[in-house]
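Trainee: Going by this note's numbering, the residue at position 328 of the sequence shown is 315; the numbering climbs one at a time, nothing skipped. Quick reminder that beta carbons are idealized off the backbone N, C-alpha and C, glycines included. Starting off with a structure, shown below.
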Amino acid sequence: MKKLLLSILAVAALFVSSTASAQEVDHEKGYNFIGVKGGAQMTLTHYSLGDLITPQFGIYAGRYFNQYVGARIDVTGYQNKGGFQADRYDFVGTDTPYKFNACTADLDLLMNMTNILNPNRACHAFNWNLLAGFGVNYSWDYDEFKDATNSFKYYVGQEQCGTKHATFNGRLGTQLEYNLAKNFSVMLEADANYKNDQYNLKFNDTPDWQVQAFVGLTYKFGMKTKKVVAPAPEPEPEPIVTPAPAPEPPVACPGCGDKYTDGNCPESEYGRCKDSRFCKHSSTCKCKMDKPEPLNETMFYEIRLSEPTAEATLNKIVAWCNKYTAKNITISGYADRETGTPELNVGYAKSRAEKVAAALQEKGIAASRMTVNSYGDTVQPFEENDKNRCVIVLGE
């Protein structure tokens, strides 16, 4: 028995690696199967039960019509035992066992109780099945029985019914099945078989019962599959860019007559005049701007914070904007890559940039002079991770 079990498991292991599939089995559809099994059986009589255990081997084939119900043809057999107990029969001097050969062919109904109780289960590695069926027993090689009964001087049992070797069989059983791979599974099976009275060659007007236990290896084929589609990768978040305000309509420079947008004459070295729309080369422009200093200010944040706290930095930005009224600023929000998730970091960076813009508006800077960007954690302006929780304000 032990060698049989090891052999079945070894054969199963050879096929596990070769049956991997890139497709998923459609468990709602049916499939065909064949298999082999080996084990032992014992007939329940008044004789010592331990002396009636015999090896059994079988083959089976069938189909599951869907994930709930199937059917199989099962043939098992090899050796059976019976016996006369001395304290039960007056004509027997000592306990006398005998053996004979027999096989049973059954048509069994299979019910997958795991799927019936939980039809939407995600894991199909284990199955619990119930089975019920009926069939016929066939026995032969009665030499030991004949030798035993010939030695009983006062044997009063009925004679065997001529040459009739076939009797009725009814079966109830259960299985525990584990799927090794897509096409292979191992199973443990226990059956109770209802036998005709003449099955063990003795007659006492009482049917015989026989219990069996098997371990088996099943090959499944004809299964329907469905392709496993990998989910599409999520797109990288786009930087949030606030569109620049529409430019003012062109005006004519009183000095040169050229038209330009927002008073910025192309020939002006420093851009728009502070107090008028006159360019530098206009002879009537009396207020020329100094060349502006570039603006580059950074505000840093603690983890998960987005409220600007650097009041001094905000005031520097306001002062620059008030000094250079023709210039605009760009406000860019960032988040560090080593904390949070990309989705959360997009929100933090956007909130930081927008709140800086709101604070500047409260201090009198027009929204039309600001461009607000948010880069999440896709751009890291600093090598040190914690510094990337920041807002950078640029102006030229």
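Among residues of its own chain, excluding the 5 on either side of Q162, which ones have a beta-carbon nearer than 6 angstroms to its beta-carbon?
Mentor: Position 175 of the sequence shown, counted from the first residue, corresponds to residue 162. Closer than 6 angstroms at Cβ, skipping near neighbours: N116, M174 and E176.
Trainee: Say whether the segment 80 to 98 touches the segment 58 to 72, bearing in mind that this needs 3 or more beta-carbon pairs closer than 8 angstroms, one atom from each stretch.
Mentor: The segment 80 to 98 is in contact with the segment 58 to 72.
Trainee: Kindly indicate which residue of R376, K16, K24 and D13 has the alpha-carbon position closest to the one of Y206.
Mentor: Walking along the sequence shown from the start, residue 206 turns up at place 219. Checking every option, the nearest Cα to that of Y206 belongs to K24.
Trainee: I'd like to check one pair, C308 with I316: are the Cβ atoms closer than 8 angstroms?
Mentor: Numbered from 1 along the sequence shown, position 329 holds the residue referred to as residue 316. Numbered from 1 along the sequence shown, position 321 holds the residue referred to as residue 308. Against a cut-off of 8 angstroms, the Cβ pair of C308 and I316 comes out as a contact.
Trainee: Would you call the segment 66 to 86 and the segment 48 to 55 in contact, with 3 or more CB pairs under 8 angstroms?
Mentor: With the cut-off at 8 angstroms, the segment 66 to 86 and the segment 48 to 55 do not touch.
Trainee: Are D13 and K213 closer than 8 angstroms when you measure CB to CB?
Mentor: Residue numbering aside, residue 13 sits at position 26 when the sequence shown is read from its first letter. Residue numbering aside, residue 213 sits at position 226 when the sequence shown is read from its first letter. The answer is yes: Cβ separation under 8 angstroms.
Trainee: Please classify C266: does DSSP put it in a helix, a strand, or coil?
Mentor: As a position in the sequence shown, residue 266 is number 279, starting the count at 1. Per-residue confidence for C266 stands at a pLDDT of 48, beneath the threshold of 50, marking its modelled position as unreliable; the derived number appears in the next sentence. Here C266 sits in coil by DSSP.
Trainee: What ranges does the alpha helix (DSSP H) occupy inside the segment 324 to 357, keeping only unbroken runs of at least 4 residues that lie completely in it?
Mentor: Fully enclosed alpha helix (DSSP H) runs of 4 or longer: 329 to 349.
Trainee: Between the alpha carbons of W127 and Q66, how many angstroms are there, rounded?
Mentor: Mapped onto the sequence shown, residue 127 falls at position 140. Mapped onto the sequence shown, residue 66 falls at position 79. Near 10 angstroms, if we compare the C-alpha coordinates of Q66 and W127.
Trainee: Output the boundary residues of the alpha helix (DSSP H) element that contains V305.
Mentor: Along the sequence shown, read from residue 1 onward, the residue named residue 305 stands at position 318. Counting along the chain, the alpha helix (DSSP H) containing V305 begins and ends at E298 to K310.
Trainee: Following the continuous alpha helix (DSSP H) through N102, name the residue where it begins and the one where it ends.
Mentor: Position 115 of the sequence shown, counted from the start, is the residue given in the question as residue 102. Taken as a continuous stretch (DSSP letters only), the alpha helix (DSSP H) holding N102 covers M100 to L104.
Trainee: So K133 is in the alpha helix (DSSP H); what residue range does that whole segment cover?
Mentor: Numbered from 1 along the sequence shown, position 146 holds the residue referred to as residue 133. Looking at the DSSP string, the run of the alpha helix (DSSP H) that includes K133 is D130 to N137.
Trainee: Report the CB separation of T91 from N187 in whole angstroms; it is logged as a contact under 8 angstroms.
Mentor: Sequence index remark: in the sequence shown, residue 91 carries index 104 (1-based). Sequence index remark: in the sequence shown, residue 187 carries index 200 (1-based). The pair is not a contact, with the Cβ atoms about 13 angstroms apart (cut-off 8 angstroms).
Trainee: I'd like the list of long-range same chain contacts for I103, defined as Cβ closer than 6 angstroms, with 5 residues on each side in sequence excluded.
Mentor: As a working mapping, residue 103 is identified with position 116 in the sequence shown. Within the same chain, I103 has close Cβ partners Y55.
Trainee: Start and end of the beta strand (DSSP E) containing A153?
Mentor: As a first step, residue 153 is located in the sequence shown; it is residue number 166 there, counting from the start. From DSSP, the beta strand (DSSP E) with A153 extends over A153 to N166.
Trainee: Report the CB separation of T365 from T229 in whole angstroms; it is logged as a contact under 8 angstroms.
Mentor: Here residue 365 refers to the residue found at position 378 of the sequence shown. Here residue 229 refers to the residue found at position 242 of the sequence shown. Actually they do not touch by this definition, with Cβ atoms about 17 angstroms apart.
Trainee: Hey, S355 and K337: beta-carbon distance below 8 angstroms or not?
Mentor: Numbered from 1 along the sequence shown, position 368 holds the residue referred to as residue 355. Numbered from 1 along the sequence shown, position 350 holds the residue referred to as residue 337. No, Cβ-Cβ distance for S355 and K337 is not below 8 angstroms.
Trainee: Fully enclosed by the segment 15 to 94, which beta strand (DSSP E) runs are 3 residues long or longer?
Mentor: DSSP runs (the beta strand (DSSP E)) wholly in the segment 15 to 94: 18 to 31, 40 to 51 and 56 to 71.
Trainee: Looking at C-beta atoms only, is the number of pairs between the segment 217 to 227 and the segment 121 to 136 that lie closer than 8 angstroms three or more?
Mentor: Short answer: they don't touch.
Trainee: For Y47, which option in T136, G64 and C110 has the closest C-alpha, if you only look at C-alpha atoms?
Mentor: One-based indexing of the sequence shown puts residue 47 at position 60. Nearest of T136, G64 and C110 to Y47, Cα basis: G64.
Trainee: Have a look at the DSSP bridge pairing and note the partners of V202.
Mentor: Stepping through the sequence shown from its first residue, residue 202 is reached at position 215. In the DSSP output, where bridge partners are listed per residue, V202 has G25 and L175.
Trainee: Going along the chain, which residues of its own chain have a beta-carbon closer than 6 angstroms to the beta-carbon of G327, five neighbours each way excluded?
Mentor: As a working note, residue 327 is residue 340 in the sequence shown. Hits under 6 angstroms: none found.
Trainee: What distance in whole Å lies between the Cβ atoms of R291 and G320, which are believed to be in contact at a cut-off of 8 angstroms?
Mentor: As a working note, residue 320 is residue 333 in the sequence shown. As a working note, residue 291 is residue 304 in the sequence shown. So it is not a contact: roughly 14 angstroms between Cβ atoms.
Trainee: Strictly by DSSP, which residues pair up with D197?
Mentor: What you label residue 197 is simply residue 210 of the sequence shown in a count that begins at 1. The sequence shown places Gln at residue 197, not Asp. In the DSSP output, where bridge partners are listed per residue, Q197 has T30 and N180.
Trainee: If you draw a straight line from the alpha carbon of P281 to that of I352, how long is it in whole angstroms?
Mentor: In the sequence shown, residue 281 corresponds to position 294, counting from 1. In the sequence shown, residue 352 corresponds to position 365, counting from 1. Rounded to whole angstroms, P281 to I352 spans 17 angstroms at the Cα level.
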